[in-house]
Ligand code: ADP
Ligand code: MG
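In the working numbering, the protein residues as written are 20 to 700.
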């Protein structure tokens, strides 16, 4: 067996299981080892019945005073046993385990371990494990791994497969120098891999985790560095020195640029005219005005006779950029072309021809821009909008479309500068840390469902004043598996509530792209006043006339995502409002939403999100899709990230190309081929 072998080499992994495992990102035997537990089930000291907490797994130790009952319901045999320990009573229930009646002896003590369920005032455990005191004591503090799962993959299966792979000791080998390990106090690799899956105790697990977090950040830093080296070598083949059209464009804007926008634009101008190719990140919160900066850079490139392109993560956003670019640039004689996946083959062919013949100066699109058959002509500038929606690799692919073009990436990810320097180590950074002056801060409220009638009245009033509203639902249609509002039913409902002359439409990801574009266009034109939508409007959509964002089941979404959604309003000069409807009665849900009510600042929100997770909660929920490393946690493991960054710098300086570190080189190559693509930063 080899680490790069497909998982189908493992006994018991057939075609079907292989497909399921692939869904978890597990393609090779090596990936299986790096499928780390998301938590552990710990056998802790038994507690008193009174101390049991609903929903939590716990153990109680009790002496039995009677035999369990067995009843047959339909064809199910149900064993029940009521126990008590002086502090309270508990019902235990097992299905199809009639033999328990003979196993459990009156007068003997047992430990029952299971998840606590509450029905009315009665608490119970279903299918609890049964152990005698001695064997429970032996298991005490035992940590059973709990893995991220998907349909068709059980925890049990993963435990079995990982044990199988771990038993082949020749498979793995240390790839860090003795020296590095000593300096950063890192555990040995083989030990760490074993201990992360099947820890002897909490301490050894933490030690193992530390080492594996280092691994992950170290490989990441090395990968970023190798990307940086390949950029840095590049000279500026497209010097752009003439910016008069841009100055004129700025003068014609209906608003003055903010100080932060001006500063960013100056940095870009300096790059474009400098001796080295530009590689720059613009970091700016939602609504800070990044698009106009992209426009200026593309305008400068087009004016110099080059091509430039802008890649957006969704069709809706690409289309929106296209419309506004056409409006702004066509009168100046600059040709703008759009290329997206949903266009017909003929439309695509025409667009590609225009791109190839340089009948297009500025090209706007989605992932379609990096497809093989698209050939550019003197492509001098590539921009990715909402970089946090793309993989690190996709931006590489886009720049690979030209001969070392200038690269600009734009992101709203709120991360501290110290972190950004490492994460985007291959890029220079500009920060737009100032919102346009005339913006009124959004007014927020988090309320329960009884507030709905008031909210609808409020929306109606805003529409009367000429404004528009978004209503976000978590689902597209009714689902058996999940409660919650859905776009289709909600649209029907709200059409009945609001006066007939208010046009309500819906938008969701399962619609045909054409349909989506049409709805968005009509909403942008103000023909639709209320848009009921899923989170497809989350990124980048800009309709400044919209002043209300109402989010149903708001507690379902991550804070970062809610902040992005809210960013769809408050983009014009009018007072805007965000209404978070909290449909749960959980205290934590309320506390989380309160953070958003209190603040409109993405940095602050990210920080609070982190605090609420608690520093000890290393395996807690990750930030909704952003910056998800496999095991490392960007915030809590920041010192490890810094150490790994330093170590990576050092080794690249001493051994460029890692010629003297073949094992590490092999690991890095695999990492860059597989893992880097899946990282979304
Ligand atoms: P984001 O940074 O989220 O991409 P946009 O570039 O879409 O933000 O800008 C949001 C809105 O703010 C747009 O309607 C844009 O026209 C407007 N805008 C941009 N810069 C300024 C400014 N300096 N003053 C006033 N409005 C601005
Ligand atoms: Mg934007």
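For glycine and all other residues, C-beta sits at the position ideal for the given N, C-alpha and C. Remember, predicted model here, so these are calculated numbers, not experimental data.
Discussion item. Measuring only the C-alpha atoms, how far is residue 679 from residue 337?
Written reply: 46 Å
Discussion item. At the level of alpha carbons, what is the spacing between residue 174 and residue 684?
Written reply: If I take the Cα positions, the gap works out to 33 Å.
Item to complete: Say yes only if the C-beta of residue 310 is nearer than 7 Å to one or more non-hydrogen atoms of the ligand MG, and no if none qualify.
Response: yes
Worksheet item: Do residue 240 and residue 448 come within 8 Å of each other at the CB atom, strictly closer than that value?
Response: no
Discussion item. Using a Cβ-based criterion (distance less than 7 Å to any ligand heavy atom), does residue 294 qualify as near the ligand ADP?
Written reply: False, no ligand heavy atom lies under 7 Å from that Cβ.
Worksheet item: Do the segment 660-680 and the segment 224-244 make contact, defined as three or more Cβ pairs closer than 8 Å?
Response: yes
Fill in: Buried/exposed call for residue 644, threshold 16 Cβ in 10 Å
Confidence is the limiting factor: at residue 644 the pLDDT is only 43, short of 50, which leaves the residue's position unreliable, though a coordinate-based value still follows. Exposed is the call here.
Worksheet item: Is residue 243 helix, strand or coil when you go by DSSP?
Response: In the three-state reduction of the DSSP assignment, residue 243 falls in the helix class, which pools H, G and I.
Fill in: Residues that DSSP places opposite residue 131 in a beta bridge
Answer is 79, 149, bridged to residue 131.
Worksheet item: Can we count residue 561 as close to the ligand ADP, meaning its CB is less than 7 Å from some heavy atom?
Response: yes
Practice prompt. Count the C-beta pairs between the segment 553-563 and the segment 588-599 that are closer than 8 Å, then say yes if the count reaches three, no if not.
Written response: yes
Discussion item. Under 7 Å: does the beta carbon of residue 590 sit that close to some heavy atom of the ligand ADP?
Written reply: yes
Worksheet item: Just how far apart, CA to CA, sit residue 514 and residue 649?
Response: Rounded to whole angstroms, the separation of the alpha carbons of residue 649 and residue 514 is 44 Å.
Discussion item. Please tell me whether residue 443 and residue 383 are closer than 8 Å, where the distance is taken between their beta carbons.
Written reply: no
Worksheet entry | Where residue 492 falls: helix, strand or coil (DSSP) | Three-state result, residue 492: coil.
Worksheet item: Does DSSP put residue 478 in a helix, in a strand, or in coil?
Response: DSSP places residue 478 in helix when its eight states are reduced to three.
Worksheet item: Using the beta-carbon count (16 or more within 10 Å), is residue 529 buried or exposed?
Response: Classification of residue 529: exposed, given that the 10 Å Cβ count is below 16.
Worksheet item: Leaving out five residues before and five after residue 155 in sequence, what residues of the same chain have Cβ atoms less than 6 Å from its Cβ?
Response: 130
Discussion item. Once the 5 residues before and after residue 475 are set aside, which same chain residues still bring their CB inside 8 Å of it?
Written reply: Counting only Cβ-Cβ distances below 8 Å, and skipping sequence neighbours, we find 513, 516, 517.
Discussion item. Within the continuous beta strand (DSSP E) that includes residue 95, where are the two ends?
Written reply: 95-103
Worksheet entry | Residue ranges of each beta strand (DSSP E) within the segment 555-637, 3 or longer | 565-570, 596-600
Worksheet item: Cβ of residue 59 versus every heavy atom of the ligand ADP: is any distance shorter than 7 Å?
Response: Not so, every heavy atom of the ligand ADP lies at least 7 Å from the Cβ.
Worksheet item: Would you call the CB atoms of residue 102 and residue 83 closer than 8 Å?
Response: In this structure, residue 83 lies closer than 8 Å to residue 102 by Cβ.
Item to complete: Verify the contact flag: residue 433, CB atom, against every heavy atom of the ligand ADP, threshold strictly below 7 Å.
Response: No, the beta carbon of residue 433 sits no closer than 7 Å to any heavy atom of the ligand ADP.
Practice prompt. Kindly give me the distance between the Cβ atoms of residue 455 and residue 274, rounded to whole angstroms, as I take these residues to be in contact under 8 Å.
Written response: Residue 455 to residue 274, Cβ: 7 Å. Contact.
Discussion item. If you measure between the beta carbons of residue 262 and residue 288, is that distance less than 8 Å?
Written reply: yes
Discussion item. Can you give me the C-alpha to C-alpha distance between residue 412 and residue 467, rounded to a whole angstrom?
Written reply: 42 Å
Worksheet item: For residue 196, is the beta carbon positioned less than 7 Å from some heavy atom of the ligand MG?
Response: no
Fill in: For residue 449: DSSP bridge partner residues
301
Practice prompt. Would you mind giving the Cβ-Cβ distance between residue 381 and residue 416, rounded to the nearest angstrom? I have them listed as a contact below 8 Å.
Written response: Not a contact, Cβ separation roughly 19 Å.
Worksheet entry | Distance, residue 184 Cα to residue 28 Cα | 11 Å
Discussion item. Please tell me whether residue 607 and residue 580 are closer than 8 Å, where the distance is taken between their beta carbons.
Written reply: Not a contact, by the Cβ cut-off of 8 Å.
Item to complete: Indicate, with yes or no, if the ligand ADP has a heavy atom lying under 7 Å from the CB of residue 307.
Response: yes
Discussion item. Shorter than 7 Å, the distance from the beta carbon of residue 304 to the closest heavy atom of the ligand MG, or not?
Written reply: no
Worksheet item: Does DSSP put residue 162 in a helix, a strand or coil?
Response: strand
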